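Chains A and B are the protein sequences, given in the same order. Mapping the first sequence onto the numbering used here, position 127 (from 1) lands on 126, and the numbers just tick up by one. Every position in the second sequence, counted from 1, becomes a number in the numbering used here once 3 is added.
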Amino acid sequence: MGPAFYIAGAVAVLSTLMVITRYNIMHALLYFIVSLLSVAVIFYVYGAPFMAALEVIVYAGAIMVLIIFFVMMLNLGPQTAGDEARWLTPRIWIGPSILCLVLLAELVYLILQPTGQAGDVITVDPKAVGMSLFGPYILAVELAGMLLMAGIVGAYHLGRQKKKILHRFLERTTE
Amino acid sequence: MEANFWWVIGGVLFVLLNTAAGLIWLERRMLALWQDRYGPNRAGPLGLLIVLADTIKLFFKEDWIPPFSDKVVFVFAPAVVVASVLMSFTVIPFGPNVVVADWNIGLLFFLAMSSLGVYSIVLGGWASNNKYALLGAMRGASQMISYEVFMGLALMGVVLLSGTFNLREIVEAQRGLWYFIPQFLGFIIFLIAGIAETHRLPFDIPEAESELVAGFHAEYSGMKFGMFFIGEYLGITLVSSMIVTLYFGGWLGPAFLPGIIWFVIKTFVFISLFILLRASMPRPRYDQLMEYGWKVLFPLSLLNLLATAAIKLILTDN
Numbered sequence: 000m001g002p003a004f005y006i007a008g009a010v011a012v013l014s015t016l017m018v019i020t021r022y023n024i025m026h027a028l029l030y031f032i033v034s035l036l037s038v039a040v041i042f043y044v045y046g047a048p049f050m051a052a053l054e055v056i057v058y059a060g061a062i063m064v065l066i067i068f069f070v071m072m073l074n075l076g077p078q079t080a081g082d083e084a085r086w087l088t089p090r091i092w093i094g095p096s097i098l099c100l101v102l103l104a105e106l107v108y109l110i111l112q113p114t115g116q117a118g119d120v121i122t123v124d125p126k127a128v129g130m131s132l133f134g135p136y137i138l139a140v141e142l143a144g145m146l147l148m149a150g151i152v153g154a155y156h157l158g159r160q161k162k163k164i165l166h167r168f169l170e171r172t173t174e
Numbered sequence: 004m005e006a007n008f009w010w011v012i013g014g015v016l017f018v019l020l021n022t023a024a025g026l027i028w029l030e031r032r033m034l035a036l037w038q039d040r041y042g043p044n045r046a047g048p049l050g051l052l053i054v055l056a057d058t059i060k061l062f063f064k065e066d067w068i069p070p071f072s073d074k075v076v077f078v079f080a081p082a083v084v085v086a087s088v089l090m091s092f093t094v095i096p097f098g099p100n101v102v103v104a105d106w107n108i109g110l111l112f113f114l115a116m117s118s119l120g121v122y123s124i125v126l127g128g129w130a131s132n133n134k135y136a137l138l139g140a141m142r143g144a145s146q147m148i149s150y151e152v153f154m155g156l157a158l159m160g161v162v163l164l165s166g167t168f169n170l171r172e173i174v175e176a177q178r179g180l181w182y183f184i185p186q187f188l189g190f191i192i193f194l195i196a197g198i199a200e201t202h203r204l205p206f207d208i209p210e211a212e213s214e215l216v217a218g219f220h221a222e223y224s225g226m227k228f229g230m231f232f233i234g235e236y237l238g239i240t241l242v243s244s245m246i247v248t249l250y251f252g253g254w255l256g257p258a259f260l261p262g263i264i265w266f267v268i269k270t271f272v273f274i275s276l277f278i279l280l281r282a283s284m285p286r287p288r289y290d291q292l293m294e295y296g297w298k299v300l301f302p303l304s305l306l307n308l309l310a311t312a313a314i315k316l317i318l319t320d321n
């Protein structure tokens, strides 16, 4: 782990903090994208280039675009930022923060336990990822596939609508 | 090696930025040719200096940031498109040893960068705080997300045949047969998705000047507009060179010319095809574009993937 890891990690932590504290939701989402990108860099440094690429393609490139797309359509103006500012009072955030700090302390304690050094970084190429996904973990892949299929069928069902033909004489509805 | 590496980066940047600028002239001259007019022919030999005139004009225009816009995002958006496209060029092998990053995830990196390119349209349109720009941004987002899906699926055919994401190895694997023959369907899908990805004319509905003024960049002026402009030309160059790399054997060619020259020649053929498409095709309606994508191209690309995998499996078993 060279300086690349520490820089990417610092960017990830900072940008995630910015996500939480921004009043303007669009700016928060932009910081979230930065956070995802820095996590991708961390994956790359740790020898998982395939995961890094997927992180950017799937999370930063597809899911975040969709979220931004919906936020864009909500047309949140400056008044929403004002609302956010009113909501983010110490009374609201102090409770969760204390709980998070407890978890953080626990995590730091666990990390500092002398449980042997992490070995050298082993680079896992895309082929190896594919071999293990469609080898020992085939069941998980199939289950994920079924879940996605259910999602697609559900989306299709929700999106289906009766087509209404508007005409003086031919007014009727078709499936 | 180190010195060579920096030369490659510098050379690629120099050639690309000049190509993108030169394409302004090339596109206007070729459009003129196909539409039976003269085009820009006054400034300099063959009107070549129109590039210089255009650049000076862009630089000296008032760089106006609308007071109602989200200023930081507004300034940031045009940089995203140029940065993401230029980053994609790092993985393209221009010649036998001319490549910036010889990665084993090269193809995925290209997909990642092209999906990040969407943000320039989305953020530019949103930050402009203008109805037409927002409409353009929404169209751009849905168009590019949809077309990325089958762009990726079409590319998987090439990956199946060559067994690698590394673009240099994909080029090497095409020594016997260029992939546009076994992957003809994939090539067509990638070409169409590439046009949609660069939002060039048949698919330029995010800007659609006849309905949305100028779509997502309606509020942009000066060099910020210039960045979108250059980004579009860089995008054409990128998609053309990706087509050449993946389906037309990259720098492979008869030995009487060096590899890099073959690459440039093939790339320019596809750039010209893009310009010809602009000169000859009408713009589809927005819903037609989405329907065409999801109901025609998506099943076709899945079919292509399935058939390629089956054939590959049969061939390797025997």
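Even for Gly, the Cβ is constructed at its ideal location relative to N, Cα and C. Here the structure is a predicted model, which is why all the values come from computation and not from measurement.
1. Mind checking which residues open and close the alpha helix (DSSP H) that includes residue 265(B)?
2. Return the residues of the region 119-148 of chain A that lie within a Cβ-Cβ distance of less than 7 Å from chain B, sorted by chain order.
3. For the candidate residues 218(B), 166(B), 189(B) and 11(B), whose alpha-carbon lies nearest to that of residue 202(B)?
4. Examine chain A for any beta-carbon lying closer than 7 Å to the beta-carbon of residue 304(B), and answer yes or no.
5. Give me the subset of the region 1-12 of chain A whose CB atoms are less than 9 Å from a CB atom of chain B, sorted by chain position.
6. In this structure, does DSSP put residue 40(B) in helix, strand or coil?
7. Against chain B, with Cβ distances strictly below 7 Å, would residue 158(A) count as a contact?
8. Measuring CB to CB, does residue 121(A) end up less than 7 Å from residue 8(A)?
9. Run down chain B in chain order and give the residues with a C-beta less than 8 Å from the C-beta of residue 72(A).
10. Distance, Cα to Cα, residue 273(B) vs residue 156(B)?
11. Would residue 161(B) pass as an interface residue toward chain A - the criterion being a Cβ-Cβ separation below 7 Å?
12. Measuring CB atoms only, is the region 216-231 of chain B touching the region 61-76 of chain B, in the sense that at least three cross pairs come out at less than 8 Å?
13. Under the three-state reduction of DSSP, which class applies to residue 343(B): helix, strand or coil?
14. Less than 6 Å between C-beta atoms, sequence neighbours within five positions excluded: which residues of the same chain meet that for residue 24(B)?
15. Look at the alpha carbon of residue 42(B) and the alpha carbon of residue 285(B), and state the distance between them as a whole number of angstroms.
16. Between residue 236(B) and the rest of its own chain, which residues show a CB-CB distance below 6 Å, the 5 nearest in sequence each way excluded?
17. In chain A, which residues lie with their C-beta within 9 Å of the C-beta of residue 3(B)?
18. Whole angstroms are fine: how far does the CA of residue 99(B) sit from the CA of residue 4(B)?
19. Ordered along the chain, which non-local residues of its own chain (more than five positions away) have a Cβ less than 6 Å from that of residue 176(A)?
20. For residue 306(B), which residues from the same chain have a beta carbon less than 8 Å from its beta carbon, with the 5 sequence-adjacent residues on both sides left out?
21. How is residue 97(B) classed by DSSP in three states: helix, strand or coil?
22. Residue 263(B) and residue 8(B): beta carbons closer than 7 Å?
23. For residue 216(B), which of helix, strand or coil comes out of DSSP?
24. Count the other C-beta atoms from every protein chain shown that fall within 10 angstroms of the C-beta of residue 73(B), then say buried if there are 16 or more, exposed otherwise.
Reading it off the structure:
1. Within the second sequence, residue 265(B) is the residue found at index 262, counting from 1. Segment 262-283, the alpha helix (DSSP H) holding residue 265(B).
2. 124 and 125
3. As a position in the second sequence, residue 202(B) is number 199, starting the count at 1. Among 218(B), 166(B), 189(B) and 11(B), the Cα nearest to that of residue 202(B) is on 218(B).
4. Indexing the second sequence from 1 puts residue 304(B) at position 301. Not one chain A Cβ lies under 7 Å of residue 304(B).
5. none
6. By 1-based counting over the second sequence, the position of residue 40(B) is 37. Reduced to three states, the DSSP call for residue 40(B) is coil.
7. Translated into the one-based positions of the first sequence, residue 158(A) becomes position 159. No - not a single Cβ of chain B is within 7 Å of the one on residue 158(A).
8. Locating residue 121(A) in the first sequence gives position 122, where the first residue counts as 1. Locating residue 8(A) in the first sequence gives position 9, where the first residue counts as 1. No.
9. Sequence index remark: in the first sequence, residue 72(A) carries index 73 (1-based). Within chain B, the residues near residue 72(A) are 141.
10. Against the second sequence, residue 273(B) aligns to sequence position 270. Against the second sequence, residue 156(B) aligns to sequence position 153. Distance between the alpha carbons of residue 273(B) and residue 156(B) is about 21 Å.
11. Taking the second sequence and counting its residues from 1, one reaches residue 161(B) at position 158. It does not; no Cβ of chain A falls within 7 Å.
12. yes
13. One cannot answer for residue 343(B) here, as it falls past the ends of chain B, which runs 4 to 321.
14. As a position in the second sequence, residue 24(B) is number 21, starting the count at 1. Excluding residues within five positions, the ones whose Cβ falls inside 6 Å are 54.
15. Stepping through the second sequence from its first residue, residue 42(B) is reached at position 39. Stepping through the second sequence from its first residue, residue 285(B) is reached at position 282. C-alpha separation (whole angstroms): 21 Å.
16. In the second sequence, counting from the first residue as 1, residue 236(B) sits at position 233. Closer than 6 Å at Cβ, skipping near neighbours: 23 and 26.
17. With chain B covering only 4 through 321, there is no way to say anything about residue 3(B).
18. Taking the second sequence and counting its residues from 1, the one referred to as residue 4(B) is at position 1. Taking the second sequence and counting its residues from 1, the one referred to as residue 99(B) is at position 96. Note that residue 4(B) scores 46 on pLDDT, short of 50, meaning its location in the model is unreliable; the coordinates nonetheless yield the value given after this. Going by the C-alpha atoms only, they are around 14 Å apart.
19. This structure gives no information on residue 176(A), because the portion of chain A shown stretches from 0 to 174.
20. What you label residue 306(B) is simply residue 303 of the second sequence in a count that begins at 1. Closer than 8 Å at the Cβ level, and outside the excluded window around residue 306(B), lie 188.
21. Counting from one through the second sequence, the residue named residue 97(B) turns up at place 94. In this structure, residue 97(B) counts as coil in the three-state DSSP scheme.
22. To locate residue 263(B), count along the second sequence from 1; it is residue 260. To locate residue 8(B), count along the second sequence from 1; it is residue 5. Taking 7 Å as the Cβ cut-off, residue 263(B) and residue 8(B) do not qualify as a contacting pair.
23. Stepping through the second sequence from its first residue, residue 216(B) is reached at position 213. Of the three classes helix, strand and coil, the one that applies to residue 216(B) here is coil, per DSSP.
24. Here the question's residue 73(B) lines up with position 70 in the second sequence. It is buried - the Cβ of residue 73(B) has at least 16 other Cβ atoms within 10 Å.
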